[in-house]
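Position 518 of the sequence shown, counted from 1, bears residue number 518 in the UniProt record's numbering, the numbering being contiguous throughout. Worksheet for the structure shown next.
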Amino acid sequence: MSDDLPAAPQAIVRVAVPVPLAQAFDYAVPAGVPIPARGCRVRVPFGRRDTVGVVVGHAEAAAVAPGRLKPIGEVLDPAPWLTEELLGSLEWASRYYHHPLGEVLEAALPQALRSARTPPTEDEEVWFLEDAGRQARENPGRRRGTRPDRLLDQLAEGAVAAALLDLRLPGWRAAARSLRQRGWVGCRRVPVASAPPRPSPGPPLNTEQAAVVAAVAAEPDRFVPILLHGVTGSGKTEVYLDLIGSCIARGRQALVLVPEIALTPQMLRRFRERLGVTIAVLHSGLGEVERARAWLAAARGDAPVVLGTRSAVFVPLPRPGLLVVDEEHDTSYKQQEGFRYHARDLALVRAKALQVPVVLGSATPSLESLANAEAGRYRHLHLRQRAGSARPPDLHIVDLRRQPLQHGLAEPALAAIRACLDRGEQALVFRNRRGYAPVLQCRDCGWSAQCRRCDRPMTLHRGRSRLICHHCGAEQPVPPGCPACGGLAIVPQGHGTERLEDVLRARFPDVPIVRIDRDTTRSRRARDALLDGLADEAPRILVGTQILAKGHDLARLSLVVLVSIDEGLFSVDFRAGERLGQLIVQVAGRAGRASRPGQVWLQTHHPDHPLLATLRGGGYRALAQALLEERRQAQLPPYGYLALLRAEAEDPALLEQFLSAACRVRPAPEGVRLQGPLSAPMPRRAGAHRGQVIVEADERGPLQGYLTSWLPQVAALPGGRQLRWSIDVDPIDL
Ligand code: ADP
Ligand code: ZN
Ligand code: ZN
């Protein structure tokens, strides 16, 4: 076809396609086809297949000979979904993170828009009662309180949207399916409800909260970055809600990023009820169609509020008004593979381009954000009091050198749990390891179960009777005896959440014990059931990992026991201290949210460790100050800048060769230093040998300059094609 294209004038578009190549590709626009604007998706031939790319520019003359210029196959969008601002921010991100633009754009688009299919419509799914269902409800013998029964009740007053059922009756889908088979309920698609619930007012703000609102109200149409530093329960969410309310009233859109939604349906409900608008929700637990619908609602400007996890930072906002990043310190904002962006940092880039305020909220701000606030780049606003009468928890340290452990828990901690339950309250036992025991060891010869592909101990999962590697997922049965000496004295070492659950059950047989970790919340149904149960305010013990550190409001929770945090005290990762301090403060913040004061018991073999002493004496602020000073002296972020070249290969010689060559291929200029080749923190994973090179610099500019010239040379190294490598700018784990 290209042969008989008219000689001139020919429209040429530059298209970014989702392939790991830095450049965009030129295509001809066939005569008669309207020239697609920047940001439009187009179907184009690429290699031997068709792919979907995004128009990123127009060219006068093609970079290839006219005869070889291929025509675009189809223009998929009459007008671009990606706004000029978003496209610009993504181009910036592609340069900053040194990741191909085509793949960056692919990450920004919802799955449904990455193919040439037509995007879903605006309809929403609505469930209603059939006549048979209505009759069934009248049957006096029906079983009350079951989920199907509650679903029938929900629908009795009229049709209800699926999104609302998600909020009101977690786990309703299974019930809906069985009721539908019986012909009791039905489902149809209707245009999105035009009459949302009415907003309900919040409490009057206190002085500190009002100051934050005033700071934004003073300059609503400018880039104003605000670090909102307030302990858990100090009323940050109330501030967001107030700001979002004003934003909606001005006819603008608010984008709110949160670390996790699936486990915090309460937050979504609170937003809906307070703001009285439909909220577009975006997280990875949604189906492809639901995600696309929310994304498109934002892109059309229909959704006044978008609430989402990391990748929601890529939502187009044609009527932008406000960005919020809740729990801005949370590591889930950093994408750890492929396009390794940081959603908080991109939120700042976008807010600046959009000229809107951006609020970063946290009880434990990242050192990066604190340094920015200190340098005057962000406004630093505080919420120092817990709202209402809630008081901060008391911190008790249990010295494990003096306390014999009762199966992972020291006597004072057990006594505190007993006392808490006796007061009619709830206790949380926190342990950042799932499974039964982190190590299975032979007492006779010292053998321990190791993952052959990772050189790390395998975790014993007793309920499933398996040894599982938490790094690569490898599984094997538990051996009946020691494979090394044949003895029978193989014993679990240490305590994971599964074992703590057993220990607590034996010690407190009269109390319900709920374990919440990745193993017990894997299926949506199990997770919903557990979350349902959390609303119960009767005395109980919760055992769990990180998952429990955030989210759910537990009004009756007044005691937190941190079982073991010692690994974090001696990690080689320079961010370990910051992470541990954040974790302790965040978990502690779960206690005493209502009027009861909370207690925190922390078990450690190192009660005199400076981190704990500082935290105990001056709280997170004092710890952050001390850690910032250490970073300043070591010229580490936020006072230095890093990039990490990671590589892995089955063949260690190949790995070594590649990384050594990468270190030599281009000398680092003044102010930039290369360190390596080094082995990775996990030198082997899933059978691959892993290594890295650290690039350090005093300033961002020279680092970027060096990467720009160095990376193409790294890519051209002969070994580069035989192994996997990647670049991580501003890495969060070294
Ligand atoms: P955070 O987001 O900082 O954890 P929240 O905004 O969730 O805090 O507030 C914690 C609790 O205090 C909530 O129950 C909230 O309704 C209540 N609260 C917040 N601000 C006020 C206020 N100004 N007056 C009364 N109650 C408030
Ligand atoms: Zn042995
Ligand atoms: Zn493994």
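Positions of the beta carbon are idealized from the N, C-alpha and C atoms, including for glycine. A quick note: this is a predicted structure, and the numbers were derived from the prediction, not measured.
- Contact annotation, LEU90 with VAL104: C-beta distance approximately 5 Å; criterion of less than 8 Å satisfied.
- When DSSP states are grouped into helix, strand and coil, CYS469 belongs to the coil group.
- A residue is listed when its beta-carbon falls short of 6 Å from at least one non-hydrogen atom of ligand 2; in chain order these are CYS442, ASP444, CYS445, TRP447, CYS482, ALA484, CYS485, GLY487.
- According to the DSSP secondary-structure assignment, LYS334 is paired through a beta bridge with HIS342.
- DSSP, reduced to helix, strand and coil, places ARG250 outside both helices and strands of the structure shown, so it counts as coil.
- For GLU567, the enclosing alpha helix (DSSP H) has its first and last residue at 566–569.
- Contact between the region 724–731 and the region 639–652 is established, with three or more Cβ pairs separated by less than 8 Å.
- Remark: the C-beta of CYS187 is outside contact range of ligand 3, defined as less than 8 Å to any heavy atom.
- In the DSSP annotation of this structure, the continuous segment of the beta strand (DSSP E) that includes TYR27 starts and ends at 25–29.
- Counting only the Cα atoms, VAL491 lies some 26 Å from VAL398.
- In the three-state reduction of the DSSP assignment, TYR641 falls in the strand class, which pools E and B.
- In the displayed model, GLY67 falls within a helix according to three-state DSSP.
- Taking all protein chains in view, the Cβ of GLY53 is crowded by 16 or more other Cβ atoms within 10 Å, so the residue is classified as buried.
- The set of residues with any CB-heavy atom separation to ligand 3 below 5 Å comprises, in chain order, CYS451, ARG453, CYS454, CYS469, HIS471, CYS472, ALA474.
- In the structure shown, PRO610 falls within a helical segment according to DSSP collapsed to helix, strand and coil.
- Between the region 528–546 and the region 416–436 there are three or more C-beta pairs closer than 8 Å, enough to call the two in contact.
- With a cut-off of 8 Å, the C-beta of GLY230 is classified as near ligand 1, since at least one heavy atom of the ligand falls inside that distance.
- Distances from the alpha-carbon of LEU360 to those of ASP326, LEU381, PHE339 put ASP326 closest.
- Burial check for ASN139: the Cβ neighbour count within 10 Å stays below 16, so the residue is exposed.
- When distances are taken from the beta-carbon of GLY361 to the heavy atoms of ligand 1, the shortest one is below 8 Å.
- In terms of Cβ geometry, LEU165 and GLY133 do not form a close pair [threshold 9 Å].
- At the C-beta level, LEU580 and LEU611 come within 9 Å of one another.
- Note on geometry: alpha-carbon atoms of GLN450 and CYS442 lie some 12 Å from one another.
- Secondary structure note for TRP601: its beta strand (DSSP E) is the uninterrupted segment 599–604.
- Two segments are said to touch when three or more pairs of C-beta atoms, one from each, lie closer than 8 Å; by this definition the region 293–308 does not touch the region 683–695.
- As DSSP reads the structure, PRO492 sits in a beta bridge with LEU440.
- Its Cα nearest to that of ARG456, the residue ALA686 stands out among LEU21, GLY496, PRO30, ALA686.
- Short of 6 Å from the beta carbon of ARG344, and not among the five residues preceding or following it, lie these beta carbons of its own chain, in chain order: VAL325, GLU328, TYR333.
- If you draw a 10 Å sphere on the C-beta of ASP131, you find fewer than 16 other C-beta atoms in it, and that means exposed.
- In the DSSP assignment, ALA217 falls within the unbroken alpha helix (DSSP H) covering 207–218.
- With fewer than 16 other Cβ atoms from the protein chains shown falling within 10 Å of its own Cβ, GLU670 counts as exposed.
- One thing to note: VAL239 has its Cβ no nearer than 9 Å to the Cβ of LEU257.
- Proximity of the region 610–629 to the region 218–228 falls short of the contact definition, fewer than three beta-carbon pairs being nearer than 8 Å.
- A distance below 6 Å between beta-carbons, with the five flanking residues on each side excluded, links THR232 to the following residues of its chain, in chain order: ALA363, GLY589.
- Contact between the region 22–31 and the region 64–79 is present: three or more C-beta pairs spanning the two stretches fall below 8 Å.
- Excluding residues up to 5 positions away in sequence, LEU707, LEU711, ILE727 lie with their Cβ nearer than 6 Å to the Cβ of HIS98 in the same chain.
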